[in-house]
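**Q**
Protein chains in written order, with the working numbering: chain A, 4 to 274; chain B, 3 to 350.
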């Protein structure tokens, strides 16, 4: 068994979320559980096309099914979008450190997902909500470029309606269907009534958003040790060899993709 | 391990016998005005004491293209890992390349064992040869503590005229020559010490100087992250990646699928990749995380003399000089960069 050999998984269900994103339910043909933590990723193989790192979108469960939310954007993801229920793909992983729920238990948690960042964050959101009593207040903040690009709309509505969740959402550009906040996601932070002393914040989003959101959180008095980021890089091998995902001396695929901000803020290539 | 003396004639006969028996023996040979590792049919072909080979010995443990797995798609998908390795004797390897391989041994065995690399390594018999004169104008191995191998060889030969002084690094190396070698006497050891004293003096005289202390390189680089040197040199970089390709310690790789014409069979292979190439950090959204050429040059230099140096206690540049020679615009040489940064930081 080499570290580069994928295991075969079968697509159990495909759900179209937006024009470019679909949610794939997968199961290993061996029936084994993926056994992941929120924030971890897998290398998705389409044989004949290649591999791409995809974050795991479902919460860790006893169920052998796991979910990948895939944006059609590159070679592998475009090929994935051509797959249907019953088709087989390859999976290696889970890779990376992922979130340790122990870091958040007993705290208020501020979960910020920008754009496709909601896909990996969703795993953490459900992991938190599945053991809701272990946390203080739960804030969920989501932003998308437009209402059409909102992911997991049913779940967004569910979180919004829950009494034990404070939910905020925004779009960069509204249309007539949108009656909520308009503006980039960092403009929501001043509206959220969290206690910076008792809150752990998690940010997942495209590379551009981190510095703006972090600045807003710090403006509110949040310390670097209370901020967690989940970073995107080109994680080609997933096993700390190929070199593509490095941030300075750190292999994101091994030491990340989840980092506490104080541990990477001095890495100039990080944010 | 033991030190031996073996007559050159006996040693070369032994190698020729192994070749006749069908063993694959690879050594540096002359090709036009360059040296390259090639499979040899006779030891007469070997280029002793030549310039460094264009491509380093790493290509025999970490080939430029290597299949990782094969797959067949019918009703299901059948994936077979491919770790197919034949025994190989690599003869005439310079210390810079032995040390380069010894560094790769660390990284490929770290955390997730890379079976493809380790199997190749296991099947390789590494026979090094001491350089008694600098192999090229570009080399600076003496400045990188790399005129002798630290480890990673099975046998290491030093030319003593009619004989080789042979140091066995492993049991495999020892058993290879035990029938033709005799233990080195005190007198031989003294002669070797003299040869090496003279060799050191020659290298010290002829090789370019490293102005900072070798052990200070990680600190020097760390303190000069924002030095203008990166942008100035980077501005001349063609992003061709030649420095990465020829380096004995660069080990980054890309992974690609190749499909056969029937669209049902194919393989997944890894290919050498290079951090100096523009697309190295490019993701599917188009984002390039290290887009600036100066930043890429800094990253490459930091990998050699800061990040990995600090992590493993050894510089990941063994001073072979290949990158400096291959670089079209002469910006990449790690010794030049270290000296320039050192001079500039002193004059600040």
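For glycine and all other residues, C-beta sits at the position ideal for the given N, C-alpha and C.
Nearest-angstrom Cα distance between residue 10/B and residue 271/A?
**A** 55 Å
**Q** To the nearest angstrom, how far is it from the Cα of residue 65/B to the Cα of residue 189/B?
**A** 42 Å
**Q** Going along the chain, which unbroken runs of the beta strand (DSSP E) with 3 or more residues stay wholly within the segment 89 to 144 of chain A?
**A** Taking 3 residues as the shortest admissible run, the segment 89 to 144 of chain A contains the following complete beta strand (DSSP E) segments, listed from N- to C-terminal end: 91 to 98 and 111 to 117.
**Q** Any beta carbon from chain A within less than 8 Å of residue 286/B's own beta carbon?
**A** Judged by the 8 Å Cβ criterion, residue 286/B is in contact with chain A.
**Q** For the segment 256 to 269 of chain A, list every residue whose C-beta sits within 8 Å of some C-beta in chain B, in sequence order.
**A** 257
**Q** Below 8 Å, how does it come out for the segment 7 to 21 of chain B and the segment 169 to 177 of chain B: are there three or more Cβ pairs, yes or no?
**A** no
**Q** Residues in the segment 23 to 51 of chain A with C-beta within 7 Å of chain B's C-beta atoms, listed in sequence order?
**A** Within the segment 23 to 51 of chain A, contact with chain B at the beta-carbon level (separation under 7 Å) is assigned to 50 and 51.
**Q** Determine whether the beta carbon atoms of residue 72/A and residue 24/A lie at a separation below 8 Å.
**A** yes
**Q** Using a Cβ-Cβ cut-off of less than 7 Å, give me the residues of the segment 76 to 93 of chain B that come near chain A, in sequence order.
**A** Answer set for the segment 76 to 93 of chain B: 78, 79, 81, 83 and 85.
**Q** Between the Cα of residue 136/B and the Cα atoms of 96/B, 29/B, 118/B and 120/B, which residue gives the shortest distance?
**A** 96/B
**Q** In whole angstroms, what is the alpha-carbon distance linking residue 324/B and residue 201/B?
**A** 21 Å
**Q** Could you tell me how far apart the beta carbons of residue 344/B and residue 214/B are, in whole angstroms, since I believe they sit closer than 8 Å?
**A** 4 Å
**Q** Between the segment 250 to 270 of chain A and the segment 14 to 32 of chain B, do three or more beta carbon pairs fall short of 8 Å?
**A** no
**Q** Using 8 Å as the limit for Cβ to Cβ distance, is residue 318/B near chain A?
**A** Cβ-Cβ to chain A under 8 Å: no for residue 318/B.
**Q** Can you tell me whether DSSP reads residue 179/B as helix, strand or coil?
**A** In the three-state scheme derived from DSSP, where H, G and I count as helix and E and B as strand, residue 179/B is classed as helix.
**Q** Using the rule of at least 16 other Cβ atoms within 10 Å of the residue's Cβ for burial, across every protein chain shown, is residue 260/B buried or exposed?
**A** Counting the other Cβ atoms within 10 Å of the Cβ of residue 260/B gives fewer than 16, which makes it exposed.
**Q** Would residue 100/A count as contacting chain B if we go by Cβ distances under 8 Å?
**A** no
**Q** Strictly under 8 Å for the Cβ-Cβ distance: is residue 5/A near chain E by that measure?
**A** The structure shown contains no chain E; the protein chains it does contain are A and B.
**Q** So, is the C-beta of residue 207/A closer than 8 Å to a C-beta in chain B?
**A** With 8 Å as the cut-off, residue 207/A does not count as an interface residue toward chain B.
**Q** My parser needs the beta strand (DSSP E) runs of 3 or more residues fully inside the segment 94 to 139 of chain B; what are they?
**A** 126 to 131
**Q** Apply the 10 Å Cβ neighbour rule to residue 144/A and answer buried if 16 or more other Cβ atoms are within range, or exposed otherwise.
**A** buried
**Q** Got a sec? Which residues, its chain only, sit under 6 Å from residue 217/B by beta carbon, not counting five neighbours each side?
**A** none
**Q** Measuring alpha carbon to alpha carbon, tell me which of 221/B, 281/B and 53/B ends up nearest residue 242/B.
**A** It is 281/B.
**Q** Need the endpoints of the beta strand (DSSP E) that residue 160/B sits in, please.
**A** 157 to 161
**Q** One question on the structure: do residue 239/B and residue 303/B come within less than 8 Å of each other, judged by their Cβ atoms?
**A** No.
**Q** Compute the distance between the beta-carbons of residue 211/B and residue 317/B, then report whether it is under 8 Å.
**A** no
**Q** By alpha-carbon positions, which one of 265/A, 5/A and 260/A ends up nearest to residue 119/B?
**A** 5/A
**Q** Do you know whose CA, among 50/B, 339/B, 225/B and 72/B, lies nearest residue 166/B's CA?
**A** Cα-wise, what sits closest to residue 166/B is 50/B.
**Q** Using beta carbons (cut-off 8 Å, strictly below), is residue 268/B in contact with chain A?
**A** yes
**Q** Have a look at the DSSP bridge pairing and note the partners of residue 231/A.
**A** 205/A and 263/A
**Q** Kindly list, in the order they appear in chain B, the residues whose Cβ is closer than 8 Å to that of residue 11/A.
**A** 78, 79 and 81
**Q** Quick one: measure Cβ to Cβ for residue 101/B and residue 154/B, integer angstroms, because I've assumed they're closer than 8 Å.
**A** 7 Å
**Q** So, is residue 134/A buried or exposed, given that buried needs 16 or more other C-beta atoms within 10 angstroms?
**A** exposed
**Q** Which value, in whole angstroms, describes the spacing of the CA atoms of residue 140/A and residue 108/A?
**A** 11 Å
**Q** Determine the burial state of residue 231/A: buried for a count of at least 16 other Cβ atoms within 10 Å of its Cβ, exposed for fewer.
**A** buried
**Q** How big is the Cα-Cα spacing for residue 125/A and residue 165/A?
**A** 16 Å
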